[in-house]
Each structure stands twice: as C-alpha cells, then as structure tokens.
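Read through the structure below, which is laid out as structure tokens, and then see the notes.
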Amino acid sequence: MIVDPYHATVRAYFKNPEHAGEVRNGAIGYFADQGMRIRLSAEVASGDLKRLRFLAWGCPHVIAACEAFCRQFEGRAASDLEDFETGPIMQDLAVPIEKAGRILVLEDTVRSLGQAIRDLTMTPQE
Amino acid sequence: MIVDPYHATVRAYFKNPEHAGEVRNGAIGYFADQGMRIRLSAEVASGDLKRLRFLAWGCPHVIAACEAFCRQFEGRAASDLEDFETGPIMQDLAVPIEKAGRILVLEDTVRSLGQAIRDLTMTPQE
Amino acid sequence: MTVVPVYLDYAATTPLDARVAARMREVQTTAYFNPASNHAAGRQSAAVVLHAARQLGALLNVEPATLIWTSGATESNNLAILGVAKQRAHRGKHLITMRTEHKAVVDVFRALEKQGFDVTWLPPDREGRVSLATVESALRDDTQLVSIMHINNETGVVQDIEGIGKLCRPRGIIFHVDGAQSVGKVPLDLGSLPIDMMSMTAHKFYGPKGIGALFLADGTPLEPQMFGGGQQRRLRPGTLPVDLIAGFGEAAAAAAQTMDDDLAKLVALKNQLWVGIRDIDGVQLNSPETGGYPGILNVGVADIEGESLLLALEPLCVATGSACNSQSQEPSYVLRALGRTDPEAQSAIRFSLGRQSQQAEIDYAISSYRAAVEKLRALAPGAAV
Amino acid sequence: MTVVPVYLDYAATTPLDARVAARMREVQTTAYFNPASNHAAGRQSAAVVLHAARQLGALLNVEPATLIWTSGATESNNLAILGVAKQRAHRGKHLITMRTEHKAVVDVFRALEKQGFDVTWLPPDREGRVSLATVESALRDDTQLVSIMHINNETGVVQDIEGIGKLCRPRGIIFHVDGAQSVGKVPLDLGSLPIDMMSMTAHKFYGPKGIGALFLADGTPLEPQMFGGGQQRRLRPGTLPVDLIAGFGEAAAAAAQTMDDDLAKLVALKNQLWVGIRDIDGVQLNSPETGGYPGILNVGVADIEGESLLLALEPLCVATGSACNSQSQEPSYVLRALGRTDPEAQSAIRFSLGRQSQQAEIDYAISSYRAAVEKLRALAPGAAV
Ligand SMILES: Cc1ncc(COP(=O)(O)O)c(C=O)c1O
Ligand SMILES: Cc1ncc(COP(=O)(O)O)c(C=O)c1O
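Next comes the structure, spelled out in structure tokens:
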C-alpha cells in the first residue's frame, strides 16, 4: 500500500522538466551506474553557469533530481558546483533511502561536469 | 448453517399441540429416557381409543411426534397400538437421524400405554 | 416470505450502521481500486485504508501501523495464537488460556495441543471470572503466550485484562486478548494497557461482516499463517477489501461517538428485561450479578428443554449458547465451566441487546419468555402428574 | 481531490456490478443475520447463503456443497495447498507447481519448502505455457499435489488445465487450479473437468472484495488451516459474511449471463489497443500471440525505464507486473521466467480491460502510451547523444 510514492515536487519536475535537453556546444558531464544514465550540459560564461540542461534515463526520482539540480545551479558560479551535495535534494524530493545510490549517480555526473568546465576554461582558446 | 431444522408439520404441531393434556381417569402410558419424558393417556370405550392425550418434556421433534401419534390413533381400535411404528413418523416429521433415539422413547411409551389398556380391560370391573 | 423478527441477538451479529453503509457505498463507487496498485486510483484506495486505520486507531488509542486487517476475529485469533506459538516454539511450548473462551480460541489451542504444545486451561469462578491468582499460579518459566478474552460472548462477563497483562509483561510472556465482543462497545485504551495482541471484528459493532483486525503491539513476534504477496508487511497477504475496511473505520468512529449513550441505554434495557423475568419460578442468572457487559443477559430456567424453549420463543430471535455453536444442541461448555449442570445449561437463553433495541421489544421479549416457559411447563408430564 | 482516472487495471480488481451492489444492499437490510444462528432471522440468512452457493454452483456446474467460502483467492490457495500437502505428508512430500504462478501460490510453496517439502518448479515456454510433456516428466511416485493456475494474471496466458488434470487423476494426484483470473470471465465446467480444487475470488469479476471460495471436489482430502466453530464442515470457521456471499452469487449469475458479450467486446478492444501501439519502435508483446485471455495485454518496450513509464502514463491506471507486486520495482519474475531480460521485464506494462472499458479509453491509452514512450526517449541521453 503506497499512499503516494512521489513528493509533489517530484511529480511537478517529472511532469514538466523545464531543463530537459542539451546545451549545444556546452560543457558535458556524463555518468552511468546502476542502470541509470545522466548527461548534464552547461553554457558557461564569465565563470557562470548561464544555462544548464540535463538528459536522464532512470526512475522519476532521478529525473526530478536532475531538474532540481539545474534549477538550483543555473545562473550560479561554476565553481559552486564543488559545493553540490545530494543531501538537500534527497530531502526536498523525499527520495526514499533505498534510492540514495541513484542520486549518487547525479553527484558523479555533477563532478564530471565540473571537471569538463575546468577542462574547458583551462584551455587557452578563451 | 441451518436453513430450517424443522419440517412445517413439526412447527405446526409444536405451535398448536391439540392433543396436549391428559384424559382424566384414563389409561396411562409413561416412559422416560435420554432426558425425555412422555406421558400418554387414553379414554377407551368399546375397545376404541375415544380420546388420546399427551404430555411431554423434550425437544420439538418429540413433542410433535407425540401430537402426530395422537392424531393418528385417536378414534382407532386400541389393539391397533400394536402396529405402531416410528418409521412413518420419523419420515412425516423429517426427524433427523441423530434424534431417532428420542422417537424410540415414544415407542416405549406407546407400548406402556397398550399394556395399561390391556391391564384395564382385563380386570373384571367392566 | 420475509419474517419480521424481534432481534435480540446482537452478540451474534449486528446490522450496518447507516453511516457505515453510506461510507461503504461511497468507497465502492469512487475508490474500489486495489490499494496495492501503484497508480492514482490505487493510491486513492490506499488513502481510504489509511484513513480507516486512523479511525480505528483513534478508537483504541494506537498507531494505525499496529493494525493488521483480517477477515474477522476468527482469523485474528488464529493468526495471533498460532503465529506466536510457532514463532516461540523453540523457547518453550507452554501456553495458557481459559475454558470459557470462544471456539475460535479453544479450537486453535486444541490444534496446538495435537501438535505437541502444552496448554493450561484455566477455570472460571461461578460468575465466569478468572482470578489473577489463578492466572499467576499457572505461569511457568516456559510459558510463551496467555490468551484470555475480554468480554465473554455467552454471558457478558468481563475479564481483568489489565491485571493479567501486568502479570505477563514483566515475564516477557505475550498476552493476547480476544476482543471480538468488546472493541467498539466498551472503552479500550490499548495504548496504555499491557496487551500485545487483540483480535476484533467489525460486524459485532455495526460494521461490515468479513473484516476484522489484529492489533499487534510493536515488536511482538509473529509468524504469518498465510503466504503470498507483500501486503501488510507480509503478515497477512491478499487484496485489501477497501470498502469493508472503510466501513470498519467508520464503525469505529461512530462507536467512539455513541459509546456512552449506547452503554447507558443498554444498562436500562437489560435491567428492564431482568426485572421482567427474574420472578419466574426457577429462573437462574448465568450472567454475572454485577460488572458484566450490559448488552448480554444469559438466563436459564429449571426443568425446561432448551431447544423447545427457543422454538416456543419464535419469532423472537435469541441464542442458545454462542451463535457459532447454536447448530449443535449440546449444552454450552461455557456454562458447564461455570458449574451449571447439563440441564441447567441446556435451558440457557442469551438475550443480547444493541443500538436499535427498544423498550417495546424488551416488553415483547418478557411476555414471550413468560409465555414460552408457561406453555412448556403445562406440556411437561412432571408438572401435570 | 478525487482523480478521475482511466482505469485499465481490471485484472487487479473490478468495480461492483450494479446488480451485485443492489443485491448486497438488500441483504444488508433484510438478512444481515448470522447464518449459523438457530432462529428465524438466522435461517433467512442461511437461505441467502444457499441461494448464492447455487448461483455460483450453476456458473461452474458443481453442487453448492462443494464450495467453501473464504476471504479471497489468497486464502483459498493457502487452504488448498497447505491443506492437501499437510494432509498427505505421510504419503509423500513431492509437490509440483509453476514458476509463473501468482505470489499467493509461489509463497505458499516456498513456505512448504522450508518445512521440508520437495517442490518442482516447472518452467513455461517463451509464451508462458507449460507443456503436458513438462508436467508429465515431473510426476513421481511420491507426488501428492500439482498446482497450476488457469489464466496468468500478468500475461493472460491460459494453461491446459484439462490436459494436466488428465495426467493427475489416474495417478491419484490432487490437482489444484488457481482460477482467480478465470472464474466468472471464461466458461468453466468444473463438473466435467478433472480438477479437484479451484481457488476463486469475487472481486476479479465485479463481485465484492473480501470474499472468495474454494471448490473442493467430493472426497478431496483437506486439513483445515483455521480453527474455531463448526461452520463449513469445520474446514473454514468464522461468521459467514452473508452480504458478501450474496454479492458473490449475484456476480456469478451476472457473469453467466453476460460472459459471451463480455468476451467478444474484450477481443475487439484488446485488438484495438495492440494495433494502436505495436508499431512503436522496440515494442514487445509479453502476452501470447494467440489464445490468451482477451482482457489482458502485456507489452514491454526497449530501453524505457518502467517506473518512469508508469508515472508518465498517469492518470492512466495500468499495472507493472501483478498488482500485488507493484509496490516493488523489481522486474516481474513472471516475465523473467518467460525469458525476458531484466530491462525488458522492467519496462512491461499490463493493460487489463473489463466490462466497463470503452473504445475511447483505449484510444486514450494508445495516445498516452505513445506520448510517454516518446517523452522518455527524448529525455534519455542515449537517444540525444
Ligand atoms: C468472543 C468471540 N470471539 C471470536 C468470534 C469470531 O468472530 P468472527 O465470526 O467475526 O470471526 C466471536 C463471534 O462469533 C466472538 O463472540
Ligand atoms: C492469479 C491470482 N491468484 C490469486 C490472487 C489473489 O486474490 P485475492 O487478492 O482476492 O486474494 C490474484 C489477485 O490478486 C490473482 O490474480
């Protein structure tokens, strides 16, 4: 018996994932584990995350977590990515504890994105 | 689950036992067994059972069987009592087989009544 | 050919409360779904189940999660007694119950005896009560379970479940109570009573038939007795009958609201009934003089055959013995345990009153009873010789 | 906040038929008594129960006395399987069932395995059928019981119960069939089929929830699994829920009347649904190509996460796996037994249709399903990279 397995925010984000998609020619973070796959892309300008987009294959909590991440970090400094923690998202979305591992896939993808951005900004191209 | 433990005739005789009571100064048959007690009394004239009455302590089937007996034999020759059998009453009243023993108490009482009538008519008083 | 009987057999079963019936109809049309289904409709039904568990939990002052839905008190008793006995068999095989329990407890313990368990059958006193001293002296080091009913279904006698629970708890003995005749009828605070399990059934207090519950205090060890599916923490599988559960919950809410009024009314009606028949020659009270549940009055009468008495009382609907045993003409084992002779027990009639009972029905019952006794006495050879 | 869902989960449970609801209300007001009570009111209820047994017996062509009332198919399965296994344990401990049975059968056999019974788990072919050769080769001298379901709740595949019964009968092996998904939905002549026991439940065919039955052919050995009171020849005690039983009987009568129309309609709707989605890239049929029960269509789709698919389909109410398992996100063990991979099984959706299903609902289901698959594919990195 499940009164509702999804927090209202999960439902809202899943139904309307405003940040779904991909930034063309952006920095890319990617990670796959436990059958989940996440791809984050970012347009970075003056060290800020101008646009953040995600693609994800996974359960509703994973998709909502990606959307939550994009909403939270879009517009902020790219360096803030280092502060990313799964705890608040787990809480805001009421992710059940047995799905914690899946949210860690997002953490790994964020780390991958951070690295990609650093790689990009390191290059003398700019 | 019992749809109806009592045949309609049992219900009718139990509700309205027309032959309940006792013939004053009549011949008396009595028998008690299995916790049941039956007393039959008869007014005998010219060898006929002019009036037959019963008293009984027992379950509805026993009471109805007594009534059935009285209805059947009232007006007939006293010698007919020898023909009394429990089978037809068991059948007419749909007496459950586990109560057969109780109906045999009636048989013993009828036998006792027959004996009492013979005792009476043997005496030279008449 | 519908008979319109005067029904004084509320201890056997009760009609649906109007609020209960309305709630069930509502659920049947708007939330008839499977509460285990993971979709919007299923969740609607799950919410209905949760609401009902809260209603029943509120009546008993326990958390909804402590309630396991079953098909009735018979199943709850079986689950509780078999479930604990088997779960704890490795620790010890001594179990304790009472001779005057309902068949749905007696027969479970008899089955356990056949499986090698050692059951102590406590005797009641002449009023039907088991004393704390009797319980205490039966407790052993290997005792695992004590099962004592709250209100007796035949006589209405009330056992001291608080006192018995206090004997069990410090010894780590599980205490089960068959509450089929008390839940929804008398106040019960399971949140504070030292009781580990209580069986209940909705149809004894104006709820639907076919739904019961087992209260299972947190941490009580229990082996499931049915298998299949993950419902109810694997303790009792099967599709939850959401409308029956909703009706059960509503019956609990209605009971909480009207219990005081119901009880006051029953006290008055039972008194009216007893006053109306107690002067009959040879009448004997089988219910306790004082302190019994006011919905049940059990009386015997000297030298009257019980089956004929019952038929002579028609169309008054009353019981001989317990409803579940009334097919057999055996004198009640409960009354025999109280010291009644076979003939005494055999003449016993249980009048059980309820929320719809009326003074006029009691008047009718009194005159029926007097007339029936008179008629059968007139028919009896003993009286006429 | 009542959701108005499109309900295509009839295999989980069904709404009450209007005639059934009316009959239940009638019984609740005029014959709510305890059928075991020996008084006029009780007998009225007993007559209601007998009438219902006749209705159900007529549907299945069996005597009313062969039907034991239970709380549902879960209990019937438990009673049948545990009851025969234990009754016959002294003769032998070998039992046979199938990997794709419902949890209410699987978990019972698992429990028996823990108690030392030797269970053979027969595999289905890729369409879900077990062949007679497979069954026959599993039979042994010490085999006591074979339990094979009739219609599978996840895929709708139909087993050859007549053929299996014919293998069992001459060998004196008891044959039990879980008929939860077939009774009241497809023609069944238990009077001539070589079947000893069949489990059924009313709520799968527009009857009430909380009531089931076990057909028990004369002479089948069975140990009761619940104790207390003498009801139902001691095989299953407890107060009979007369209104639920009446509803069950009425559902059987209604089924007998409308079964042909129902089936014809389901065939058309299922076809409409399959035609509407079969061209989607990667769609896979989990129901059998032909010969399956027309009320169930189970489809998987490549590289789609099942839980997200289910949520994307809302407010369409459909199931993943069986209703009883849908709380877990585990891929269906039934589909895995059919050879589906975990990801394949995990994307499976069971559409189950019923008497109230409409063409328009099927249209809605088709467009929902197409849209959901499209949405999730657009979201997936694999597709966008
Ligand atoms: C004391 C007691 N326990 C158990 C039961 C069994 O309840 P049910 O018939 O609802 O299973 C009853 C009623 O019959 C009862 O009075
Ligand atoms: C094949 C099968 N067997 C048994 C059951 C169990 O039925 P119930 O939930 O009514 O006990 C179901 C339904 O859940 C089923 O589909």
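Protein chains in written order, with our numbering: chain S, 1 to 126; chain B, 1001 to 1126; chain W, 2001 to 2385; chain F, 3001 to 3385.
Glycine included, each C-beta is placed from N, C-alpha and C at the ideal position.
Q: Alpha carbon to alpha carbon, how far is proline 2241 of chain W from valine 1997 of chain W? Give it in angstroms, no decimals.
A: The structure shown has nothing for residue 1997 of chain W, since chain W only spans 2001 to 2385.
Q.
Let's test the definition: count the other Cβ atoms within 10 Å of the Cβ of glutamine 2044 of chain W and tell me whether it reaches 16, buried, or not, exposed.
A. Looking at its Cβ environment, which holds 16 or more other Cβ atoms inside 10 Å, glutamine 2044 of chain W is buried.
Next on the checklist: Following a CB-centred definition, is alanine 2213 of chain W positioned closer than 7 Å to any heavy atom of ligand 1?
Outcome noted: The answer is no for alanine 2213 of chain W.
message = Extract the residue ranges of the alpha helix (DSSP H) inside the segment 2044-2123 of chain W, only unbroken runs of 4 or more that lie entirely within it.
response = Contiguous alpha helix (DSSP H) elements confined to the segment 2044-2123 of chain W occur at 2073-2087 and 2103-2114, taking only those with 4 or more residues.
Item to check | Assigned secondary structure, cysteine 1059 of chain B (DSSP; H/G/I helix, E/B strand, else coil) | outcome: Three-state DSSP puts cysteine 1059 of chain B in coil, outside helix and strand.
- Task: Answer yes or no: the CB of aspartate 3178 of chain F versus the heavy atoms of ligand 2, is any distance below 7 Å?
- Result: Yes, the Cβ of aspartate 3178 of chain F comes within 7 Å of a heavy atom of ligand 2.
DSSP three-state call for glutamate 2361 of chain W: helix, strand or coil? In the three-state reduction of the DSSP assignment, glutamate 2361 of chain W falls in the helix class, which pools H, G and I.
- prompt: CB of alanine 3252 of chain F to nearest heavy atom of ligand 1: below 7 Å?
  reply: Within the chosen limit of 7 Å, ligand 1 does not reach the beta carbon of alanine 3252 of chain F with any heavy atom.
- Regarding threonine 3070 of chain F and ligand 1, is the C-beta to nearest heavy atom distance less than 7 Å? If you check the C-beta of threonine 3070 of chain F against ligand 1, you find no heavy atom less than 7 Å away.
| Taking buried to mean at least 16 other C-beta atoms within 10 Å of its own C-beta, is proline 2187 of chain W buried or exposed? | Exposed is the call here.
Original post:
What is the rounded straight-line gap between the Cα of arginine 3355 of chain F and the Cα of phenylalanine 3205 of chain F?
Top reply: The alpha-carbon atoms of arginine 3355 of chain F and phenylalanine 3205 of chain F are separated by roughly 9 Å.
Open item on the list: Determine, for alanine 3360 of chain F, whether the minimum Cβ-Cβ distance to residues of chain S falls below 8 Å.
Closed with: Interface residue (Cβ-Cβ distance to chain S less than 8 Å): alanine 3360 of chain F is not classified as such.
### Message
Quick check on the DSSP output: the alpha helix (DSSP H) that includes glycine 2165 of chain W runs from which residue to which?
### Response
Element bounds for glycine 2165 of chain W: 2161-2168.
Sequence-distant residues of its chain with Cβ nearer than 8 Å to glutamine 2087 of chain W (five each side left out): The residues are Pro2221, Leu2222 and Glu2223.
Open item on the list: 8 Å is my cut-off, CB to CB: does glutamine 2327 of chain W come that close to chain F?
Closed with: Because the pLDDT at glutamine 2327 of chain W is just 46, under 50, the model does not fix this residue reliably, and the value given afterwards should be weighed accordingly. By this cut-off, glutamine 2327 of chain W is an interface position.
query: Just how far apart, CA to CA, sit threonine 2341 of chain W and serine 3147 of chain F?
result: The alpha-carbon atoms of threonine 2341 of chain W and serine 3147 of chain F are separated by roughly 50 Å.
- Query: glycine 1026 of chain B: buried (16+ other C-beta within 10 angstroms of its C-beta) or exposed?
  - Reply: Its Cβ being crowded by 16 or more others within 10 Å, glycine 1026 of chain B is buried.
Relative to the C-alpha of alanine 2378 of chain W, which candidate in B:Ala1056, B:Cys1070, B:Gly1035 and B:Ala1045 has its C-alpha closest?
Of B:Ala1056, B:Cys1070, B:Gly1035 and B:Ala1045, the residue nearest in Cα terms is B:Ala1056.
Taking 7 Å as the limit between beta carbons, can you name the residues of its chain near glutamine 3327 of chain F, skipping five residues before and five after? A caution first: glutamine 3327 of chain F carries a pLDDT of 46, below 50, which makes its placement in the model too unreliable to give a value.
inquiry  = My output table needs one value for aspartate 3125 of chain F: the three-state DSSP class, helix, strand or coil.
reply    = Note: aspartate 3125 of chain F maps to coil in three-state DSSP.
- Decide if aspartate 3218 of chain F is buried, meaning its Cβ has at least 16 other Cβ atoms within 10 Å, or exposed. Answer is exposed; the Cβ neighbour count stays below 16.
*Does the beta carbon of threonine 2239 of chain W fall short of 7 Å from some heavy atom of ligand 2?*
Under cutoff, so the answer is yes.
task = Express the C-alpha separation of proline 3343 of chain F and glutamate 3305 of chain F in angstroms, rounding to a whole number.
result = Here the alpha carbons of proline 3343 of chain F and glutamate 3305 of chain F stand approximately 8 Å from one another.
In terms of residue numbering, what span does the beta strand (DSSP E) encompassing aspartate 33 of chain S cover?
-> Counting along the chain, the beta strand (DSSP E) containing aspartate 33 of chain S begins and ends at 27-33.
Worksheet item: Under 9 Å Cβ-Cβ, which residues of chain A neighbour alanine 3065 of chain F?
Response: No chain A appears in the structure shown, which is made up of the protein chains S, B, W and F.
Q: Name the one or two DSSP bridge partners that threonine 3239 of chain F has.
A: DSSP lists no bridge partner for threonine 3239 of chain F.
*asked:* Counting only beta-carbon separations shorter than 8 Å, does tyrosine 30 of chain S have a partner in chain F?
replied: Yes, because at least one Cβ of chain F sits closer than 8 Å to the Cβ of tyrosine 30 of chain S.
Quick one: does the C-beta of alanine 2104 of chain W sit closer than 7 Å to a heavy atom of ligand 1? Yes, the beta carbon of alanine 2104 of chain W sits closer than 7 Å to at least one heavy atom of ligand 1.
(message) Given 7 Å as the limit, tell me if histidine 2150 of chain W has its C-beta closer than that to any heavy atom belonging to ligand 2.
(response) Outside the cutoff, so no.
| said: So alanine 2319 of chain W and arginine 2350 of chain W are supposed to be a Cβ contact under 8 Å. How far apart are they, rounded? | reply: The pair is a contact, with the Cβ atoms about 4 Å apart (cut-off 8 Å).
query: Under 7 Å from any heavy atom of ligand 2, does the C-beta of threonine 3143 of chain F make it?
result: Threonine 3143 of chain F: no, Cβ never under 7 Å from ligand 2.
Indicate, with yes or no, if ligand 2 has a heavy atom lying under 7 Å from the CB of histidine 2980 of chain F. For chain F, the structure presents residues 3001 to 3385; residue 2980 of chain F sits outside this window and is missing.
task = State yes or no: is the C-beta of leucine 3167 of chain F within less than 8 Å of the C-beta of leucine 3139 of chain F?
result = Going by C-beta atoms, leucine 3167 of chain F is nearer than 8 Å to leucine 3139 of chain F.
Under a three-way DSSP split, which group does isoleucine 48 of chain S fall into? The question names isoleucine, yet the displayed sequence has aspartate at residue 48 of chain S. Here DSSP, grouped into helix, strand and coil, assigns aspartate 48 of chain S to strand.
Task: chain F contact for proline 60 of chain S (CB, 8 Å cutoff) - done: A Cβ of chain F is located within less than 8 Å of the beta carbon of proline 60 of chain S.
Here's a check: name, in chain order, each residue in its chain whose Cβ is nearer than 7 Å to the Cβ of tyrosine 2369 of chain W, leaving out the five neighbours to either side. Hits under 7 Å: Ile2277 and Leu2313.
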